[in-house]
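Numbers 1 to 199, taken from full-length UniProt numbering, label the letters of the sequence shown in order. Just so you know, even glycine gets a beta-carbon here, dropped at the ideal spot from N, CA and C. The structure presented is a predicted model; accordingly, all values stated were derived computationally and were not measured. Read through the structure below, which is laid out as structure tokens, and then see the notes.
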Amino acid sequence: MALFRFPSEPQSRPLIRTPNLYLRAPSIDDFATWAVLRMESREFLAPWEPTWNEDDLTRNAFRLRAKRAAREISTDEAYSLFIFESHSETLLGGLTLGLIRRGVAQACTLGYWMGQRHAGKGHMTEAVRGALRFAFSELALHRVEAACLPNNEPSRRLLERVGFQPEGLARAYLKINGVWADHLLYAALSNDRLPGASR
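Structure below.
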């Protein structure tokens with residue numbers, strides 16, 4: 001379980017590999033590529049994300065984001081990772097296994113975003129499958145939770161395609177695009193038979 005959490009390891013080491021992708025913590029060298037991808041995808045992402053801060057795309061804000069990601073990985077609090085295509089090393093988006101609860105819960109929450117030009121090509125399905133394998137096999141978690149807006153059909157289809165089960169509706173669950181919004185709640189368990197899983 002501690003295999004990926006040695007502070008001395010370089011942050012560029014991928015934590016998750018799939019047939020076509022690798023996922024690793026962000027580094028300051030990713031700033032320019034990340035900023036371009038986020039900026040060109042802003043309208044595409046805005047309906048599904050919290051309102052962006054004014055300095056969200058600045059180098060300093062990104063540096064703090066990368067430092068926080070490294071710290072949270074080293075303390076097993078969260079795994080905020082960038083998704084790259086293996087053969088081209090193109091940054092596609094990001095994925096987080098966050099709010100890790102140990103003890104009697106052994107659970108976390110899943111969040112993700114994909115750059116607009118890379119959406120709809122199956123990359124996130126592959127990345128989420130890899131993240132589930134990592135969560136259950138490497139982190140020894142029992143439960144991965146996810147939530148999406150009821151009108152986010154692509155996200156609903158993705159979660160159901162990889163084996164998440166619907167668990168209900170949470171009223172005014174997260175503040176998205178400036179509005180407290182209801183969310184559909186999903187979960188996958190370590191003992192579920194997940195479609196397409198290789199474990």
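In this structure, alanine 147 keeps its C-beta atom at 8 Å or more from the C-beta atom of phenylalanine 164. Taken in chain order, the complete alpha helix (DSSP H) segments of 4 or more residues contained in the region 25 to 58 are 31 to 40, 42 to 45. DSSP places serine 137 in the helix class (H, G or I) of the three-state scheme. Per DSSP, the continuous alpha helix (DSSP H) segment holding leucine 159 begins and ends at 153 to 162.
For tyrosine 79 against glycine 93, the beta-carbon gap comes to about 15 Å, at or over 8 Å, which does not count as contact.
Counting only residues of its own chain and dropping the five nearest sequence neighbours on each side, tyrosine 186 has a CB closer than 6 Å to the CB of Ala146, Leu159, Phe164, Pro166.
In the structure shown, arginine 17 adopts extended strand secondary structure according to DSSP, grouped into three states. Residue Phe136 holds the alpha-carbon nearest to the alpha-carbon of arginine 193 among Leu21, Ala70, Phe136, Leu99. Secondary structure of arginine 117 (DSSP, three-state): helix. Rounded to whole angstroms, glutamate 85 and arginine 156 show a C-alpha spacing of 23 Å. Distance from the Cα of threonine 109 is smallest, within the candidate group Arg143, Leu174, Leu57, for Arg143. Boundaries of the beta strand (DSSP E) around arginine 171: 165 to 176. In the structure shown, glycine 98 adopts extended strand secondary structure according to DSSP, grouped into three states.
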